[in-house]
Structures are given as C-alpha cells and as structure tokens.
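Chemist: Before we start, here is the structure in question, set down as structure tokens.
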Amino acid sequence: MFRYFIGCLAVGILLRFLCLNLAPSPVLQSIGHAANEDWLRCNIFLVLISHLVKEEVTIFHNPSVINGSPAITQTLEFIGFLAFLSFDSLKDDMRIPLSIFVFAFNPFSIFAFGNRSIGIIPVIFTVLIFVALIKGRTLVASILCGVGSYINIYPIFLMLAVLARCRDRKSCVCSSLFAFVFTLGSLLFATYYYEKSWSFLRHCYLSNIYARNTTPNLGLFWYMYVEMFPHFNVFFVWTMQLIIFSICCGLLFRFYEDPPFLALLITMTTGVLRPYNSVADLGCSLALLMHWRHLFICEFFLLG
C-alpha cells in the first residue's frame, strides 16, 4: 500500500501545483467560495496563523476562503494525505488505498488547494474522527469532535456516531460526552480569556446560520436567498437547520449498529445541506465513501 501511496502523493501534488499555477484565479475563487462563517474573530486557531495568511476581500471571512502561504497549504495538504493513509490502512484487505486515490485526483480537493485554501483543516479533523471511531477510541473521537466543533458548528453531529459506538456502555457514553464538552468548553473559555468578550460566539456559530451572502457557489442557499422575500429569511434558515438535525437523528435511529457508516452519512448530509458548503468538504466526503465501495457493486448488480 505504501508504494501506491507514494505514487498518488506525487501525482496528486503535481496536479495541485499545476492547478495553482495555471488555473485562472477568478475561476478558482468562484469554485472555492464558501462564505458560511464570519471569521472576523480572534480565536486560538486564528492567532497561530494570523501572521502567515492573507484574507480574501469578501463580506464573510472563513477558513475555506483564507489564502494561506505556500508553506501552510503544502504542509496541511501533506498531513491530509497522511490522515487518509491511516484511514485506508484500517482495512487489511485493501491493497490499493482508494481513499488516497480519490483525494489525490478529486477535482474538488485539487481546486481547494489551487485556491490556497486552508479548508483542509476541517477535513483532517473529520478523517481523524473516522480513524478513532473505527478503532473504537471513542474518547479520542470525542476530543476531536470538540476541536472540530470549535472551528465549525457542524462536526457536533458526528458525536451521534461516537455515542452510537459506545451505546452498550453507560460509562463510555458519560466519558465521551464529558471529553467533548470539556474540550469545546476549554477552547471557548480560552478564546473568551483572550478577547475579554463573548461576542465571538455570534461570529463563529450564528454566522453559520444567518449567512446572507448571495455569491453563487456549489450550495443551494445563495439561490434561495435570491428568490425569497426578505421577511421569510429567518423562517427558511431555521427550517433548514431543523431539517439537518432531523435527518441526522433519523440516521442515528436507523444505522446506530454501524457507527462508521452513520458518521459517513452524517458527514455527507451536513456537507450538502449546510449553508455555503466548501469544495474541500465535498472532496473529503467522496474520499471517505471509498471504504463502502462494495455498496455500489451490490447496487450495480441489482440494477443490471
């Protein structure tokens, strides 16, 4: 598998550099636009990279549309490849690392790198959550969910898969919930200690829900905002969030016996229905889907 990994890594990095140097900048910015967070806040994550990034001139500033320096984007992309390698190595019968293959040649992932996006960070956390979940390390998965939920609100739904993993052990459920709440709470209080204000919560979480930017992208929200009367906006926004919550809860009741597959469905659901989804999230979902490729074989057989 390591030989295939080196090949996919080399070709994938080559394609990314070709996209970075040859693709027109307006096209990349249009494809990579994901204005789902107002990133005008000082948190621990932003403090660490504040001297190495240059933000796009947009209304909403988001990790997915922040232009990072080449040192940041290249390092994060390599870490992403390593995360998918650890994910593929969980299957003993897998000779070819298909998740790495899809991640390397996926246009969504390539365009995200071409846009010098650091949206790869939520992707890395998502893959690591899957690795910890499959290995049965629910405590580690809960901590990773807490860190991911600090950056973005939607990884909190992956805690449903973590709780499904330890459904037969009450102590495991309690420890997982405590680890998640403690991790997220510690990061939030650290941000409050740095800012001396709780106003960052509005920019971090409510801006995910109330983003009103109508710049076209791969999502659906921008078009619905264009076609909708303004006085219906609040009703529509909260209805869509309720739909996401209802679907994730329904998936929990249906697939609680298979937590990794449940996590995959939750990731794909939130990636499609969230306001202003990013191409990096779509590329991550397609790469993770390769571990359940046997479902497509069965479907093809039935249709044939």
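With the numbering used here applied, the sequence shown corresponds to residues 1 to 304, in that order.
Even glycine gets a Cβ: it sits at the ideal position worked out from N, Cα and C.
K91 to L206, Cα distance in whole Å?
Modeler: The straight-line gap from Cα to Cα measures roughly 39 Å.
Chemist: Specify, as a first and last residue, the run of the alpha helix (DSSP H) that N233 falls within.
Modeler: Segment N233 to F255, the alpha helix (DSSP H) holding N233.
Chemist: Let me check understanding here. Comparing Cα to Cα, which of S246, S149, D258 and F111 lies closest to A179?
Modeler: Considering only alpha carbons, the answer is S149.
Chemist: DSSP three-state call for C8: helix, strand or coil?
Modeler: Of the three classes helix, strand and coil, the one that applies to C8 here is helix, per DSSP.
Chemist: Please list the terminal residues of the continuous alpha helix (DSSP H) segment that includes I266.
Modeler: Run containing I266: P259 to L273, per the alpha helix (DSSP H) assignment.
Chemist: Quick check on the DSSP output: the alpha helix (DSSP H) that includes M159 runs from which residue to which?
Modeler: Taken as a continuous stretch (DSSP letters only), the alpha helix (DSSP H) holding M159 covers M159 to R165.
Chemist: Select from T73, Q74, A104 and I72 the residue whose C-alpha is nearest the C-alpha of L85.
Modeler: Among T73, Q74, A104 and I72, the Cα nearest to that of L85 belongs to A104.
Chemist: Using three-state DSSP, classify L90 as helix, strand or coil.
Modeler: In the structure shown, L90 sits in coil (DSSP, three-state: anything other than H, G, I, E or B).
Chemist: Closest to F17 by CA distance: which of N152, I121 and F113 is it?
Modeler: Here the closest residue by C-alpha is F113.
Chemist: Span of the alpha helix (DSSP H) holding D168?
Modeler: That residue, D168, is in no alpha helix (DSSP H); it is neither H nor E in DSSP.
Chemist: Just how far apart, CA to CA, sit I120 and T126?
Modeler: Straight-line Cα distance between these residues: approximately 10 Å.
Chemist: Quick check: what's the CA-CA separation for K135 versus I151?
Modeler: Spanning the two alpha carbons is a distance of roughly 24 Å.
Chemist: R293 by DSSP, collapsed to three states: which one?
Modeler: Coil, per DSSP.
Chemist: Would G283 be called buried (16 or more neighbouring beta carbons within 10 Å of its own) or exposed?
Modeler: It counts as buried.
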